[in-house]
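Undergrad: Below you'll find the structure I mean.
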């Protein structure tokens, strides 16, 4: 008797995978007037967050110097994937997840880099599912001043305690 006699039709749709999100972000960037080279598009990122943060910061710096050289007023790079965070044994988990932790590590690197005058750089690290770790936040946007605005002590403690959301909120 509990077996349904009439089934309601259900449709399952795949909206898009990680690569689709990257290509949609590229299309949106270009539509807004940004220059995006194929070499500045990366899919299936699966690096440890520290390696990814180093690469993203270096790419941001390279893009800034390309703007300075006159390649375009707005230049973008897009990467998508799932960075890896390895928590040390006994480490607490603060506010934020992999996207926020990556953003905070990028901010630390950006703060120590040389930048062309009058060129602004921002790096967005976002979670495609709308949440990042045990929070309602979906990532973070950082620039060369984020680390200092958060306060070096706050930012360093947040980095070491896997509490990036606290530092990003402070910035």
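Residue numbers (the numbering used here): 12 to 182.
Heads up, the beta-carbon is just placed ideally off N, CA and C, and yes, glycines get one too.
1. Between 148, 136, 80, 157, which has its C-alpha nearest residue 122's C-alpha?
2. Would the segment 111 to 121 and the segment 162 to 175 be scored as touching if the rule is three or more Cβ pairs under 8 Å?
3. Report the residue ranges of all alpha helix (DSSP H) runs contained in full by the segment 59 to 122; include only those spanning at least 4 residues, in chain order.
4. Below 8 Å between beta carbons: does that hold for residue 60 and residue 33?
5. CA-CA distance, residue 180 and residue 161?
6. Using DSSP bridges, identify the partner residues of residue 46.
7. Could you tell me whether the Cβ atoms of residue 175 and residue 72 are closer together than 8 Å?
TA: Looking at the atomic coordinates:
1. Comparing Cα-Cα distances from residue 122 to each of 148, 136, 80, 157, the minimum goes to 157.
2. Contact annotation: the segment 111 to 121 touches the segment 162 to 175, with at least three C-beta pairs closer than 8 Å.
3. Complete alpha helix (DSSP H) runs here, min 4: 60 to 79, 109 to 122.
4. In terms of Cβ geometry, residue 60 and residue 33 do not form a close pair [threshold 8 Å].
5. So the alpha carbons of these two residues sit roughly 8 Å apart.
6. DSSP output for residue 46 lists 86 as bridge partner(s).
7. No, the Cβ-Cβ distance between residue 175 and residue 72 is not below 8 Å.
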